[in-house]
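Colleague: Residue numbers (the UniProt record's numbering), protein chains in the order written: chain A, 1 to 292; chain B, 1 to 292.
The beta carbon of each residue, even a glycine, is placed where N, CA and C say it ideally should be.
Since the model is a prediction, treat every value here as computed from it, not as a measurement.
#1: Using 8 Å as the limit for Cβ to Cβ distance, is residue 84 (chain A) near chain B?
#2: Excluding five sequence neighbours on each side, which residues of the same chain lie with their C-beta closer than 7 Å to the C-beta of residue 281 (chain A)?
#3: From the DSSP output, in three-state form, read off residue 60 (chain B) for me.
#4: Going straight from the alpha carbon of residue 64 (chain A) to that of residue 146 (chain A), what length do you get?
#5: Give the straight-line distance between the Cα atoms of residue 201 (chain B) and residue 6 (chain B), rounded to the nearest whole angstrom.
#6: Does residue 169 (chain A) come out as helix, strand or coil in the three-state DSSP assignment?
#7: Just checking, does the region 94-110 of chain A make contact with the region 46-57 of chain A on the three C-beta pairs under 8 Å criterion?
#8: Going by CA-CA distance only, name the one from B:131, B:219, B:96 that's closest to residue 84 (chain A).
#9: Starting from the beta carbon of residue 47 (chain A), find every residue of chain B whose beta carbon is closer than 7 Å, and list them in chain order.
#10: Measuring straight from C-alpha to C-alpha, what distance separates residue 209 (chain A) and residue 171 (chain A)?
#11: Between which two residues does the alpha helix (DSSP H) containing residue 185 (chain B) stretch?
#12: To the nearest angstrom, how far is it from the Cα of residue 262 (chain B) to the Cα of residue 175 (chain B)?
#13: Determine the direct distance from the alpha carbon of residue 133 (chain B) to that of residue 37 (chain B), and round the result to whole angstroms.
#14: Mind reading off the beta-carbon distance from residue 196 (chain A) to residue 143 (chain A)? Whole number of angstroms is fine, and I expect it under 8 Å.
#15: When DSSP labels each residue in this structure, what does residue 76 (chain B) get in the three-state scheme?
#16: Which residues does DSSP pair with residue 275 (chain A) in a beta bridge?
#17: Just how far apart, CA to CA, sit residue 128 (chain B) and residue 190 (chain B)?
#18: 8 Å is my cut-off, CB to CB: does residue 145 (chain B) come that close to chain A?
#19: Helix, strand or coil for residue 109 (chain A)? Go by DSSP, reduced to three states.
#20: Quick check: the region 256-276 of chain B against the region 213-222 of chain B, are there 3 or more CB pairs under 8 Å?
#21: Rounded to a whole number of angstroms, what is the C-alpha to C-alpha distance between residue 297 (chain B) and residue 148 (chain B)?
#22: Quick check on DSSP: helix, strand or coil for residue 191 (chain A)?
#23: Could you check what DSSP says for residue 291 (chain B) in three-state terms: helix, strand or coil?
#24: Pull up the distance between the alpha-carbon of residue 226 (chain A) and that of residue 188 (chain B), whole angstroms please.
#25: Taking beta-carbon pairs under 9 Å, can you tell me which members of the region 30-42 of chain B lie near chain A?
#26: CB residue 47 (chain A) to CB residue 125 (chain A), shorter than 8 Å?
#27: Is there a C-beta anywhere in chain B that falls below 8 Å from the one on residue 292 (chain A)?
#28: Have a look at the DSSP bridge pairing and note the partners of residue 196 (chain A).
#29: Expressed to the nearest angstrom, what Euclidean distance is found between the alpha-carbon atoms of residue 20 (chain B) and residue 41 (chain A)?
#30: Could you check where the beta strand (DSSP E) with residue 23 (chain B) kicks off and where it finishes?
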């Protein structure tokens, strides 16, 4: 059990926010003003959400980033987080994971407030959960608010974290250390009718937005801002791990942060693709489907 | 993936609180008045925190109960929770787990607000995380507040969930479906100088309380309220899974909920045992040590 004590000591060194009480209690105590709390929690499993050979510091960073990306998509400001960690049995791996996680927590100012550390039986896949709390705005854009007539927009560039035929990501840094679009999300949220992050692929996530809003969404493949100039738009738009923001704005409203208009919201249902103004069929797979 | 869709449909049927937005978003949105938020999160792993053959509905109940017990120990009132669930690969097992979890959530009024559902690679141990939010009182008793001169008290009876030599719990219902002491905790919190729940054993948890408060704690073995009359006090006080509340009150203060005085807080450090007013040595193991 000495590995566990050392890991908890390392957690305590990170958890310096008063609400964490030095991780000496079973709970965190957080005094909050009245307002809207945004809650999100993501679990990452080896072999499902990351490759077992990915560097542990990048996996730690990514666990923070994917939760921060969910806060970003609601225009929320990070308040704090809880880490549920399954010890790997390799102390150096655990400490490297924690260093990468902490880099993201410091960079995006999301203090570690608590959580739980457990040992897993030998042979189990590594899995980790982070639960993030954010302070929301008066108006929170959900997946459900898109209206016929809205424009569909996306921040940044799409497809960089996708895999080339040689089995490696096009842009390794982007795959390993995604950037949650927190400031963009905070700027966009007051104007967006709907917003979500692109985690599983632009097409699959756009279809989810259409379904939840009860609208049709048409995407112009020619308009998708590609991370690399020679990417195929369909391949880019079905690759996961972009962590850009996908949102809808009333027609005529310009986004308050750099973004590209990639389509339109209409009456009806489902996802529709266009290329050179002509309808094209949907690909067999719209993205990465590993969970809800 | 049909199992996953059915499971998520079952989650949606449970998550009826408006903040859950029908689990159609990546986040929950919770409007809160100003005040103190109490946060806790527990992960349970098969073979570590429960027996793989325990009934799945009891494991679901227990995951809720252990988190509720942490809220109880701070005098907090449940607000809501997030579930991070690893699908077992057996749909009936998953649904039974969820039914037991939901029973506890309904009974203790802690709405399900969100979380994450993942698939684990074959052969991995089942593990589940619940993160609970509670509304705290102005004064939150931590582990750190015990003062020399205080009395040490415990609610309920101790040792019932311990294992007899035949490898079965003395009181199976108590082991499978622990009762979080929410109303007791809310009544006691304004008066307690320190409070925690007894999850790993009365002795190990009392020593943690002594360490965090920087005091000595003496326990009278004769005073421990035993769950069964023929239990050995040392065996009872080193068995885990009681989920009773252990707390300290200024000398002369009577507890506002049924409880038994089991010892005293003094100047110094460490845990000390007495029997018939004479000091007795500590046993080799003070309780169940499976994590922090």
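Modeller: Inspection of the coordinates gives the following:
#1: yes
#2: none
#3: helix
#4: 28 Å
#5: 39 Å
#6: strand
#7: yes
#8: B:131
#9: 121
#10: 27 Å
#11: 182-188
#12: 22 Å
#13: 7 Å
#14: 5 Å
#15: coil
#16: A:278
#17: 32 Å
#18: no
#19: coil
#20: yes
#21: This structure cannot speak to residue 297 (chain B), because chain B is shown only from 1 to 292.
#22: coil
#23: For residue 291 (chain B), the predicted model reports a pLDDT of 42, less than 50, meaning its position is unreliable and no value from the coordinates is stated.
#24: 60 Å
#25: 30, 31, 32, 33, 34, 35, 36, 37, 38, 39, 40, 41, 42
#26: yes
#27: For residue 292 (chain A), the predicted structure reports a pLDDT of 37, less than 50, and the residue's modelled location is therefore unreliable. A value from the coordinates is still provided. It does: the Cβ of residue 292 (chain A) has a partner Cβ on chain B nearer than 8 Å.
#28: A:246
#29: 13 Å
#30: Unbroken run through residue 23 (chain B): none, as it is neither H nor E.
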